[in-house]
Amino acid sequence: MKSSEIFNPTLREVPSEAEIVSHQLLLRAGFIRKNSGGVYSYLPLAFRVLKKIMNIVREEMDRAGGQEVLMPIIQPAELWQESGRWEVYGDEMFRLKDRHKRSFALGPTHEEIITTLVKQDVHSYRDLPLLLYQIQNKYRDEIRPRFGLMRGREFIMKDLYSFDIDEDGLDLSYKKMYEAYSRIFERMNLKYRVVEADSGAIGGNESHEFMVMASSGEAEIVYCDKCHYAANVEKAQCPAPEPDGAKRAEARPLEKIHTPGVRTVEDVMHSLAVPAESIVKTLIYWADGEYVGAVIRGDRELNEVKLKNLLGCNELLIADENQVSQVLGVSVGSLGPVGAEFKVYADQEIELMDNFICGANEDGYHLMNVNLGRDFVPETIADLRNAIKGDPCPVCSAELDTTRGIEVGHIFKLGTKYSEAMKATFLDKNGQERPFIMGCYGIGISRTMAAAVEQNHDENGIIWPLPIAPYQLIIVPINTKKTEQMDLAWSIYEQLSGQGLEVIIDDRDERAGVKFKDADLTGIPLRITIGPKALQENKVEVKKRWENETVLIAVEDIVEEINSILSQY
RNA sequence: CGGGGCGUGGCGCAGCUUGGUAGCGCGUCUGAUUUGGGAUCAGAAGGCCGCAGGUUCAAAUCCUGUCGCCCCGACCA
Numbered sequence: 002m003k004s005s006e007i008f009n010p011t012l013r014e015v016p017s018e019a020e021i022v023s024h025q026l027l028l029r030a031g032f033i034r035k036n037s038g039g040v041y042s043y044l045p046l047a048f049r050v051l052k053k054i055m056n057i058v059r060e061e062m063d064r065a066g067g068q069e070v071l072m073p074i075i076q077p078a079e080l081w082q083e084s085g086r087w088e089v090y091g092d093e094m095f096r097l098k099d100r101h102k103r104s105f106a107l108g109p110t111h112e113e114i115i116t117t118l119v120k121q122d123v124h125s126y127r128d129l130p131l132l133l134y135q136i137q138n139k140y141r142d143e144i145r146p147r148f149g150l151m152r153g154r155e156f157i158m159k160d161l162y163s164f165d166i167d168e169d170g171l172d173l174s175y176k177k178m179y180e181a182y183s184r185i186f187e188r189m190n191l192k193y194r195v196v197e198a199d200s201g202a203i204g205g206n207e208s209h210e211f212m213v214m215a216s217s218g219e220a221e222i223v224y225c226d227k228c229h230y231a232a233n234v235e236k237a238q239c240p241a242p243e244p245d246g247a248k249r250a251e252a253r254p255l256e257k258i259h260t261p262g263v264r265t266v267e268d269v270m271h272s273l274a275v276p277a278e279s280i281v282k283t284l285i286y287w288a289d290g291e292y293v294g295a296v297i298r299g300d301r302e303l304n305e306v307k308l309k310n311l312l313g314c315n316e317l318l319i320a321d322e323n324q325v326s327q328v329l330g331v332s333v334g335s336l337g338p339v340g341a342e343f344k345v346y347a348d349q350e351i352e353l354m355d356n357f358i359c360g361a362n363e364d365g366y367h368l369m370n371v372n373l374g375r376d377f378v379p380e381t382i383a384d385l386r387n388a389i390k391g392d393p394c395p396v397c398s399a400e401l402d403t404t405r406g407i408e409v410g411h412i413f414k415l416g417t418k419y420s421e422a423m424k425a426t427f428l429d430k431n432g433q434e435r436p437f438i439m440g441c442y443g444i445g446i447s448r449t450m451a452a453a454v455e456q457n458h459d460e461n462g463i464i465w466p467l468p469i470a471p472y473q474l475i476i477v478p479i480n481t482k483k484t485e486q487m488d489l490a491w492s493i494y495e496q497l498s499g500q501g502l503e504v505i506i507d508d509r510d511e512r513a514g515v516k517f518k519d520a521d522l523t524g525i526p527l528r529i530t531i532g533p534k535a536l537q538e539n540k541v542e543v544k545k546r547w548e549n550e551t552v553l554i555a556v557e558d559i560v561e562e563i564n565s566i567l568s569q570y
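Start counting the first sequence at 2; every next residue gets the next number (the numbering used here).
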């Protein structure tokens with residue numbers, strides 16, 4: 002393909018609307034253009050990338066026994082009412098009416114449709130397992146679309162749904178998908194991790210997220226290099242700390258001290274010259290109609306998901322300062338577990354603390370030398386804190402590390418949630434009617450493209466991983482007016498594209514600098530430069546986008562050299 | 001939905017406070033000179049200043065409404 006004919010309008014300046022790197026670069030490099038908030042057009046280069054991602058996904062879905070289908074985006078309300086999600090989904094679902102005033106939704110996902118499809122035509126265990134998938138646009142009327150393709154309102158997604166006879170079957174389907182997903186992200190040359198995830202509202206008992214590593218990722222992940230444990234911070238367990246054998250300090254008498262104006266943990270640290278580890282903080286939550294206090298060490302963060310799971314409540318909201326002072330008569334800076342009027346839930350670490358400091362439940366006062374057991378007894382002691390770097394791994398006790406990632410895949414065991422709600426059943430061996438055991442497995446296709454950029458770029462632009470690059474190679478003749486250069490460029494172009502390689506030839510009458518800048522911005526992995534310097538020795542230059550050095554290659558060896566590079570990546 | 005900000009040629013912005021008929025850089029087009037990391041010179045095209053009302057002799061500028069976009073928060077593949 003000639004550069005002069007490719008539709009990829011590049012921009013020199015960063016459009017002001019773009020906040021994160023992938024959004025900026027995809028706009029600047031002429032891959033995407035916005036049509037409205039969270040809705041984008043994919044230009045030719047982007048579409049090529051998307052097709053590559055889709056093809057890898059397709060191949061692995063097929064290999065795992067999946068069959069591709071195409072289903073409606075416009076879905077009738079009745080199906081959603083049947084599953085109960087018409088109400089549940091709320092404002093996040095795009096809704097519309099037809100001319101007869103019948104209600105429809107633009108599909109945010111396809112559980113209802115697929116369950117209906119299978120229910121209509123699958124009636125026997127002999128037809129199971131069944132793995133069906135689709136790749137298409139999905140719609141969510143996000144409260145706030147942002148980050149370009151990361152959180153759009155229209156996005157491309159692959160979803161596979163599995164239907165099994167029993168839990169064992171589901172386990173097998175789940176395992177197949179887990180492996181297929183791993184292959185997919187490996188094939189795309191993306192650095193990723195699989196993490197245990199909270200299965201959240203969708204239900205089910207097992208769930209993993211596939212995270213593409215990127216410092217800009219929205220999810221924090223803890224992981225262990227020793228044993229491959231990895232989990233979303235929300236989910237990561239903190240093992241109960243072992244008493245490390247060091248002698249526990251003698252409990253000293255409780256002491257109340259005047260601490261005017263001291264509110265935060267930091268204030269306490271400074272005014273009393275103590276480390277955060279010897280302070281205990283108390284957070285008040287409104288949990289289904291009751292105020293409760295969560296107590297954790299001063300340097301730790303509370304994990305609300307853990308607290309919520311512990312309390313088994315539906316609604317958990319942190320109380321604001323006004324509520325606290327009104328209801329408890331103390332300002333938030335002076336809260337503490339001693340003599341508290343609220344139920345106290347303490348993090349495990351509190352048990353190991355001796356003579357700590359906390360608020361006195363009286364404005365302007367703190368308590369020193371507080372000890373659990375002697376001075377207060379919590380309702381429950383549990384794991385309530387966020388895991389952080391350096392914490393022991395819950396599996397092997399080695400030190401955990403943390404990183405950030407972008408969630409590009411998520412696999413769930415659904416069980417019978419939808420099949421029961423929608424009465425989707427089959428007859429088992431014994432003629433018994435049973436609901437399908439389902440699983441669902443998603444990959445954000447358009448998001449993966451953005452994640453790939455987020456992970457692979459430098460100050461000059463995108464660096465596409467070879468397997469998903471829009472083109473693999475670009476040939477840059479320095480001066481298009483020199484027939485010697487152009488003839489050679491075209492000859493190499495013919496040879497390489499003749500063997501199936503995707504090649505761009507920059508035939509534009511631009512200065513070399515412009516061509517280099519555009520090539521870098523666009524992120525084509527390999528570049529062959531044809532210029533007068535090397536040509537004198539009958540050589541051309543080869544440059545890998547992800548490396549700085551340029552290598553001189555003899556003209557007659559160039560095809561072989563390119564093939565050798567391609568075989569390595 | 002709450003809080004903040006912004007809509008002025010394709011992109012990035014100035015002008016608005018103090019109303020007087022729109023400007024800069026980049027890009028685009030023409031020509032010349034150039035040609036190894038976003039060239040130079042000369043010329044040119046392109047904007048009813050988001051939209052709708054209002055105030056005024058006069059509105060990009062002041063007022064009201066409306067639409068859209070961005071950021072922070074609750075939500076989330």
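Cβ atoms here follow ideal geometry from the backbone N, Cα and C, with glycine treated the same way.
Keep in mind the model is a prediction, meaning the values are calculated, not measured.
Residues sharing a beta bridge with residue i, DSSP
{"i": "Ile476", "result": "Ile506 and Ile529"}
{"i": "Met214", "result": "Gly406"}
{"i": "Ala288", "result": "Glu291 and Leu317"}
{"i": "Gln135", "result": "Asp160"}
{"i": "Gln238", "result": "Gln238 pairs with nothing; no bridge assigned."}
{"i": "Ile33", "result": "Tyr43"}
Beta-carbon gap between residue i and residue j smaller than 8 angstroms
{"i": "Ile351", "j": "Leu368", "result": "no"}
{"i": "Ile493", "j": "Gln486", "result": "no"}
{"i": "Ile438", "j": "Ile166", "result": "yes"}
{"i": "Ala347", "j": "Cys314", "result": "no"}
{"i": "Asn233", "j": "Ala274", "result": "no"}
{"i": "Lys540", "j": "Leu522", "result": "no"}
{"i": "Ile505", "j": "Tyr472", "result": "yes"}
{"i": "Val371", "j": "Ile358", "result": "yes"}
{"i": "Met178", "j": "Ile412", "result": "yes"}
{"i": "Tyr224", "j": "Arg194", "result": "yes"}
{"i": "Lys52", "j": "Gly443", "result": "no"}
{"i": "Arg249", "j": "Asp364", "result": "no"}
{"i": "Trp465", "j": "Gly501", "result": "no"}
{"i": "Glu155", "j": "Tyr175", "result": "no"}
{"i": "Lys192", "j": "Ala361", "result": "no"}
{"i": "Ala277", "j": "Val263", "result": "no"}
{"i": "Ile114", "j": "Met72", "result": "yes"}
{"i": "Ile469", "j": "Gly218", "result": "no"}
For residue j and residue i, believed in contact at Cβ under 8 angstroms, the rounded distance
{"i": "Leu303", "j": "Arg386", "result": "7 angstroms"}
{"i": "Ser23", "j": "Gly149", "result": "6 angstroms"}
{"i": "Phe105", "j": "Pro146", "result": "Incorrect: roughly 21 angstroms between the Cβ atoms, too far for contact."}
{"i": "Ser84", "j": "Leu132", "result": "With 8 angstroms as the limit, Ser84 and Leu132 do not qualify as a contact, their Cβ atoms being about 20 angstroms apart."}
{"i": "Leu428", "j": "Tyr41", "result": "Contact flag wrong, Cβ pair sits at about 46 angstroms."}
Residue from the options whose Cα sits closest to the Cα of residue i
{"i": "Ser183", "options": "Pro73, Ile57, Trp87 and Val541", "result": "Ile57"}
{"i": "Ile297", "options": "Ile529, Leu308, Val409 and Ile446", "result": "Leu308"}
{"i": "Leu161", "options": "Asp169, Phe517 and Glu112", "result": "Glu112"}
{"i": "Gln569", "options": "Lys540, Glu557, Pro533 and Pro526", "result": "Pro526"}
{"i": "Val196", "options": "Glu235, Asp167, Met158 and Ala181", "result": "Glu235"}
{"i": "Asp459", "options": "Thr283, Phe413, Ala215 and Ile505", "result": "Ala215"}
{"i": "Leu311", "options": "Gly334, Phe105, Glu380 and Asn356", "result": "Glu380"}
{"i": "Glu18", "options": "Phe8, Thr11 and Arg29", "result": "Arg29"}
{"i": "Arg448", "options": "Arg64, Ile157, Ile75 and Leu97", "result": "Ile157"}
{"i": "Glu251", "options": "Arg375, Ser174 and Ile258", "result": "Arg375"}
{"i": "Leu129", "options": "Lys430, Trp87 and Glu495", "result": "Lys430"}
{"i": "Val123", "options": "Leu536, Tyr442, Thr426 and Glu503", "result": "Thr426"}
{"i": "Gly410", "options": "Glu210, Tyr419, His271 and Glu455", "result": "Glu210"}
{"i": "Glu221", "options": "Ile559, Lys418 and Arg405", "result": "Arg405"}
{"i": "Lys418", "options": "Glu400, Ile114, Ile475 and Gly440", "result": "Gly440"}
{"i": "Phe572", "options": "Leu497, Phe8, Leu97 and Glu256", "result": "Because the chain is modelled from 2 through 570, residue 572 falls outside the range shown and cannot be assessed."}
Neighbour-count burial assignment, residue i, 16 or more Cβ in a 10 Å radius
{"i": "Cys228", "result": "exposed"}
{"i": "Ile529", "result": "buried"}
{"i": "Ala202", "result": "In this prediction, Ala202 has a pLDDT of 47, which is less than 50 and means its spatial position is unreliable; what the coordinates show is noted afterwards. Looking at its Cβ environment, which holds fewer than 16 other Cβ atoms inside 10 Å, Ala202 is exposed."}
{"i": "Asn36", "result": "exposed"}
{"i": "Pro436", "result": "buried"}
{"i": "Asn457", "result": "buried"}
{"i": "Glu14", "result": "exposed"}
{"i": "Asp510", "result": "exposed"}
{"i": "Pro533", "result": "exposed"}
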